[in-house]
Each structure stands twice: as C-alpha cells, then as structure tokens.
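S.K.: Take the sequence shown: its position 220, counting from 1, is numbered 509 in this note's numbering, and each next residue is one higher. Beta carbons: idealized from backbone N, C-alpha and C, even for Gly. Before anything else, here's the structure in question.
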Amino acid sequence: MEQSRISKRKKRKGLKKLIFFLLIVVVLVPLCYVGYLFTTIKTAADKSYVELERKKSEYRVEDVKLGKDPVSILLVGVEDYLGDNGRADALMLITLNPETKEIALLSIPRDTRTYIEVKNKKDKINHAYAFGGLDSTIQAVEDLLEIPVDYYVETNISGFQDVVNELGGISVDVPFDFKQVGMDGKMIYFTEGKMNLNGREAMAFVQMRKEDPRGDFGRQDRQQEALKAIADKALSINSITKADNLVNAVSDNTKTNIPLTELFGLRNFYSEIKNQEINRLELKGEDSKIDGIYYYQPYEDSINEVSLALKDVLEISNIASDTITGN
290 MEQSRISKRK KRKGLKKLIF FLLIVVVLVP LCYVGYLFTT IKTAADKSYV
340 ELERKKSEYR VEDVKLGKDP VSILLVGVED YLGDNGRADA LMLITLNPET
390 KEIALLSIPR DTRTYIEVKN KKDKINHAYA FGGLDSTIQA VEDLLEIPVD
440 YYVETNISGF QDVVNELGGI SVDVPFDFKQ VGMDGKMIYF TEGKMNLNGR
490 EAMAFVQMRK EDPRGDFGRQ DRQQEALKAI ADKALSINSI TKADNLVNAV
540 SDNTKTNIPL TELFGLRNFY SEIKNQEINR LELKGEDSKI DGIYYYQPYE
590 DSINEVSLAL KDVLEISNIA SDTITGN
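What follows is the structure, encoded as structure tokens:
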C-alpha cells in the first residue's frame, strides 16, 4: 500500500515536471523567437534608416506620426546600375489615414515634365534624382502636387529582385501575353492569367511598357499589383529563417526615414486595410516633344483633381496649403 502511494507521488512529480517543461517550450521559445526577430529587425532598421536633410515638409504646419496621423509615403525605385547619377525609374505616392482607413495611391509617370528646383527649370521628374538625389526628387513631387511628402522608401532594382526571391516568388495577374528582356539579357515570356514569378521575372513584369496598350500607365498598374503581392506575402511569413533573410534583403537595398516604432504601425495599418478598396489615382495628360525630347505633360485639371484627392485623405485643405506656400 505504502509502495503504491510512493509510486503515485512519483508519477505526479513526473507529470508536474512534464507540464513545467511544456510551459517553458510554449512560453519561452516563442519569446526567444520574438526577441531574436526584434533584434534582427532593429539592426536592419538602423542600417536602412536615413534622415532627410530637412526636418519636415514646408507643406506641413505641424509634425505628423505614421500610425497616428494621416501621412504620405513616397516609394522611389532607383536604377542602381547607372551608378551615383542614376534616375528614379519608379515613383509611387501613397497617402494613408489611420482613422478613416482610407488609402490613395498614385504612380507618377517618370517622364512627367515639371519644375525641378535644384536646376531652376522644367525637366522630367525622374531626372530630379540625378540632379539632386532624394531630397530633390521629394521636392519635385511636392511642388507638382502641392502636398507634403512625410516619409520615403527608396530601393534599387537588386533590392526588388532579392525581396521577391526571399518571399519564394509572388503571384500576379498578367493582363495579356507579352515578352520582355530580363536584366540578364534573356527573353522572358508572360501569358495572360495567373502567373507565379521569381525576382528576375517580377522585375521584367513591372518594367515592360512598350508592348502595353496603356504605355506607362499599364506599367504603373503592374507595379502597383506587384507591390501589393509583395506586401501580402510578407505579412504571411511565419518562418524565422525566411523572416531573417527577408529583413536582410530589404536592409541591404533600401533606405527610409520611417523609424522602427512607426514601421510596426505601418504593418498593423496595412493588416487592417489590405482587403479594402484602394483609391488608385491617375495623372491624365498628353505626350509632347520639346527640343526633340519626349515628355509627358499632365493636364492642369488632372493635377488639381489628384491633388485634391490626396489632400482629402491627408485632411489638408487648399487654404492651408496656400498659407504654407505663401500663395
């Protein structure tokens, strides 16, 4: 009888040890994972973080914070293979309102003719990067649309391909059959319908415009679709190895002035609105040639219409903008 009680006590002790061990596994292992991942993300964020020369936009009266206030983010894709004097191959402006859950998206045609302050003349907006870097590009976008650019994310072509590859590729809807020469000089063929693309293929997908009946606007549509596919897939990552590799791929090829704490706010915001309809804006205009050089000339009415739509999301009035700029 005594032996039986001793045996039961040993079993209970063994069960308690097992439960304690399982609690350690269930609680501490995820904490270690989160701790490691946070350290990795913080290191990468510190590496990518680059302040602008200015403190805030001249189109802003007060400072704003991502995740708390309506803000704008300029995505800049740079042709890194051209070296230090490269051009902004892609310009995409996003406005976010965390309270109303509104989001507006504008791709700016790279050949848009607008005033470039650093050169004191009108030129293609993508040349602003070659003339004065990121600050000049942001200034050109602000002056064109008369709205503030609060944050930026700059990435190069290598970064885009690396991120897509680390995600294991992305799935996109190809609008029609077409072909495009890849960065390696080899032809890539696309067929209408759903396609899974690796980094090399995704880059060709967003670069093609000559075979698109909508020209640069069709290219912008594909850029926006690829960006959404990347964001959606990045949110679904649950592997520490994949997350680690993805973070490193981003930090090696990206610069931004979004602080780490606000990056988490951006992730949470996108998680909430990713299935909502995005207001996709378009600058309407016409092709023109000046001194033998091709430009895209947006109509003034279209510029004003787009500007108002962006200001609506940002909760900025025309009166406020005119007061800030002294008009």
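Under 7 Å Cβ to Cβ from ALA515, same chain only, skipping five residues before and after it: list those, please.
M.R.: ILE459, VAL461, ALA491, PHE494, VAL495
S.K.: Once you ignore the five residues that flank LYS573 on each side, which residues in its own chain have a CB closer than 6 Å to its CB?
M.R.: TYR588, SER591
S.K.: Measure the C-alpha to C-alpha separation of LYS624 and SER606 and round it to an integer number of angstroms.
M.R.: This structure leaves residue 624 out entirely; the chain is present only between 290 and 616.
S.K.: Please list the terminal residues of the continuous alpha helix (DSSP H) segment that includes ILE519.
M.R.: Run containing ILE519: 505-524, per the alpha helix (DSSP H) assignment.
S.K.: Rounded to a whole number of angstroms, what is the C-alpha to C-alpha distance between HIS651 and GLU575?
M.R.: Past the boundaries of the shown model lies residue 651; the chain is included only from 290 to 616, so the question cannot be answered.
S.K.: Between the alpha carbons of LEU603 and ARG489, how many angstroms are there, rounded?
M.R.: Rounded to the nearest angstrom, the two C-alpha atoms are 36 Å apart.
S.K.: If you reduce the DSSP assignment to three classes, tell me which class ILE605 lands in.
M.R.: coil
S.K.: Determine, using beta carbons only, whether MET472 and ILE446 come nearer to each other than 8 Å.
M.R.: yes
S.K.: For ASP424 and ASN568, I'd like the C-alpha separation in whole angstroms.
M.R.: 27 Å
S.K.: Hey, quick one: how far does the alpha helix (DSSP H) through TYR418 stretch, first residue to last?
M.R.: First-last of the alpha helix (DSSP H) with TYR418: 417-434.
S.K.: What did DSSP end up calling ASP439 once you bin it into helix, strand or coil?
M.R.: coil
S.K.: Quick check: ASP432 and GLU391, are their CB atoms within less than 8 Å of each other?
M.R.: No, Cβ-Cβ distance for ASP432 and GLU391 is not below 8 Å.
S.K.: Rounded to whole angstroms, what's the CA-CA distance from ALA598 to VAL438? Just pull it up for me.
M.R.: 15 Å
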